[in-house]
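Protein chains in written order, with the numbering used here: chain A, 1007 to 1266; chain B, 2 to 225; chain C, 34 to 252. Below: one structure, written as structure tokens.
Okay, here's the thing in structure tokens:
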């Protein structure tokens, strides 16, 4: 599905996926920002207007990103890293790199966007002690250090091995971080599950589900392209190596003529 | 097994003997750790009550910062004259090297913890209210950071940017240890009523996982 | 018995083919000098023979052990002196030699005994033995390195530029050491880009160029 080496990162199928993702994003924006209602509820006793009002619209982006960034992407990255440590083939390494790089972007966005949403709704930019915020932040930093490590190790095999170990440790550490933050302040502003409050036929629910599907498509599309870019890099290195072997042989041949 | 213990102790004793000879820990890391405690005092406006309240966290931050120096030192011992190759040629198992180096770091960290405890008692007016928790949590945390540090030292070794890379690789991974150790010491120093033993349990779990993963991964790294 | 047998050995450093198909046979008791320019592959060849680098393709045996599957056994029976001393700068010369003796699996008593012998044999000056290695001269360091390798009683010696940076005295000490090793049935491979330094040992000379080893016919 992934392999191809024509010097470009797109293929007819991925172009189709990209186009569908773009359409999906436009539709999602229309639903999230125009068709759905703002969150307004009446307080059961006082009759005051309460709720998230227009800020709720950000959730249609936040929830899908928060599923992919801190959960799906590191999971894919960790599985691919284990795959690399077992199989030692570049396919696994490039896959892990692609998933983690895109995951880091999603994590970063989810933190910024969550912070923007938190200001009107929770009345704070940042909530120390919230399990999900803190876990995502620490994960984000670990993903950044993974990318930093990849950048500075020149040798291809060393790079793959060391990165795989870093990704694996991060993934194993994640539940411990989560548990420690949970015990730490034992408070969270996050809803247990927003979904249980919603009815299936609700437009809100539909939009949220659509958001998840569209963002999964976006994630796949981005990872696919990042993978192909990484693969092209490997291919070009391989080509360089073949040239280097020939040069090495030529060098030896000249020397042989001189000696004899 | 006998051979394994022989190799492990050999490496640990060698690292510690070098430390005793070169006095890098005594002459550089200890003053640095004390300096960190003093700097917190300046930053928090020399208010002993505030300092005492936050002493568990400040204590462990001083330990983690000193750990970074100790790890850098431990790595450079093997890389400066490429002694690691010699260890490989001698047929030492990577697992023995890993635990040997970890034990040397562990000993240095425990030593630092003792001095820093003296530091927070003198500077911040802290009191050890639960000695058992203080000892156990101190040892378990030292173990957790030593094995993790040894692994990450190896991950960053041989790179020109080792000094700058190590902190960003290691510190996020140690985030739960900082939280746990701070909570455990809050209990031990009587600053808050905390379930310190529960935290010590979490720290032990971390140490166990780090030791297992570390010893496996170290072999992969040494064989590059 | 052939100490080294390489057939079409290739070694990749990353993607770079540092060795591009080496054929080499070395018999027991030989002194072999590898000569060639910097970057020709001399050091890589030595490291391959020490079991420190993975064989990319081809086949090879060192001391009868396969290079693909028995790297561990090879490592234990060769001594390699690289560009770096391998010593711990803050320990004394004596402590270093004893450490390396113990590291090769010897018990304490044997390690001490062999270390003292090795130190005497290499002629490390007695008054320097209790100084940290960092304070020794290049020549004394080189002697200490060799002493720390002899304690393991290796059958094959791989020496990378052993004469570099040494004075006349030091170079002669290295030469007489090599003769001694060969005298008792050991095998020595020396990498050197200055052939006249090793000529007194009348070695078999092999030119390494472009990652390939070429036998010099006139030798």
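C-beta: ideal position from N, C-alpha, C; glycine also. Given the structure is predicted, the values throughout are model-derived calculations rather than measurements.
Closest residue to residue 124(C) among 99(B), 101(B), 82(B) (Cα-Cα distance): 82(B)
Whole angstroms are fine: how far does the CA of residue 64(B) sit from the CA of residue 1126(A)? 39 Å
With 16 as the cutoff for other CB atoms within 10 Å, does residue 1103(A) come out buried or exposed? buried
My assumption, with CB atoms under 8 Å, is that residue 146(B) sits in contact with residue 175(B). Please give the rounded CB distance. 6 Å
Where DSSP assigns a beta bridge to residue 35(C), which residues make up the other side? 60(C)
Does DSSP put residue 92(C) in a helix, in a strand, or in coil? strand
Can you pull the chain C neighbours of residue 1254(A), defined as C-beta to C-beta under 7 Å? 50, 53, 243, 244
If the criterion is Cβ atoms closer than 8 Å, does the pair residue 38(B) and residue 120(B) meet it? yes
Same chain only: Cβ atoms within 7 Å of residue 1068(A), ignoring 5 sequence neighbours per side: 1116, 1119, 1120, 1123
Compute the distance between the beta-carbons of residue 1070(A) and residue 1113(A), then report whether it is under 8 Å. no
Comparing alpha-carbon positions, which option in 209(B), 190(B), 16(B) lies nearest residue 144(B)? 209(B)
Should residue 173(B) go down as buried or exposed, given a rule of 16 or more other Cβ atoms within 10 Å for buried? buried
Select from 224(C), 233(C), 119(C), 203(C) the residue whose C-alpha is nearest the C-alpha of residue 82(C). 224(C)
Go ahead and label residue 1046(A) buried or exposed: buried means 16 or more other beta carbons lie within 10 angstroms of its beta carbon, across all protein chains shown. exposed
Please list, in chain order, the chain B residues whose beta carbon lies closer than 7 Å to that of residue 102(C). Going along chain B, no residue has its Cβ under 7 Å from residue 102(C), so there is no contact; the nearest lies around 14 Å.
Looking only at its own chain, which residues have a Cβ that is under 6 Å from the Cβ of residue 183(C), when we skip the five neighbours before and after it? 151
Which of the residues in the segment 109-141 of chain C, read from start to end, lie with their CB under 9 Å from any CB of chain B? 109, 111, 112, 113, 115, 116, 117, 118, 119, 120, 121, 122, 123, 124, 125, 128, 132, 133, 135, 136, 137, 138, 140
Looking only at its own chain, which residues have a Cβ that is under 6 Å from the Cβ of residue 130(B), when we skip the five neighbours before and after it? 191
The beta strand (DSSP E) spanning residue 237(C) covers which residue range? 237-242
Only counting the same chain, and skipping five residues up and downstream in sequence, which positions put a Cβ closer than 6 Å to that of residue 148(B)? 103, 211, 212, 215
Rounded to a whole number of angstroms, what is the C-alpha to C-alpha distance between residue 1106(A) and residue 153(B)? 19 Å
Runs of alpha helix (DSSP H) lying entirely within the segment 117-162 of chain B, each at least 4 residues, in chain order: 132-157
Using a 10 Å radius around the Cβ and a threshold of 16 neighbouring Cβ atoms, would you call residue 1151(A) buried or exposed? buried
Identify the contact partners of residue 1092(A) in chain C, using a Cβ-Cβ distance below 9 Å as the criterion. The contacting residues do not exist; residue 1092(A) stays about 18 Å from chain C at best.
Per-residue DSSP class, three states only, for residue 175(B): coil
Does the structure place the segment 61-81 of chain C close enough to the segment 189-203 of chain C that three or more beta carbon pairs sit under 8 Å? yes
Per DSSP, what kind of secondary structure is residue 1170(A) in: helix, strand or coil? helix
Return the chain-ordered ranges of every alpha helix (DSSP H) run that is complete within the segment 69-109 of chain B and spans a minimum of 4 residues. 84-90
Cβ-based neighbour list, residue 1020(A), same chain, cut-off 6 Å, excluding 5 preceding and 5 following: 1230
Selected residue, minimal CA-CA separation from residue 188(B), among 197(B), 180(B), 181(B): 197(B)
Report whether the distance from the Cβ of residue 47(C) to the nearest heavy atom of the ligand NAD is below 7 Å. In the structure shown, the ligand NAD is absent, as is every other ligand, since no ligand is present at all.
Take every Cβ of the segment 156-167 of chain C, pair it with every Cβ of the segment 114-134 of chain C, and state whether three or more of those distances are shorter than 8 Å. yes
One or two residues paired with residue 114(C) in a DSSP bridge: 192(C)
Alpha carbon of residue 49(C) to alpha carbon of residue 1250(A), nearest angstrom: 7 Å
Do the CB positions of residue 89(C) and residue 44(C) come within less than 8 Å of each other? yes
Residue 117(B) vs residue 30(B) beta-carbon contact at 8 Å: no
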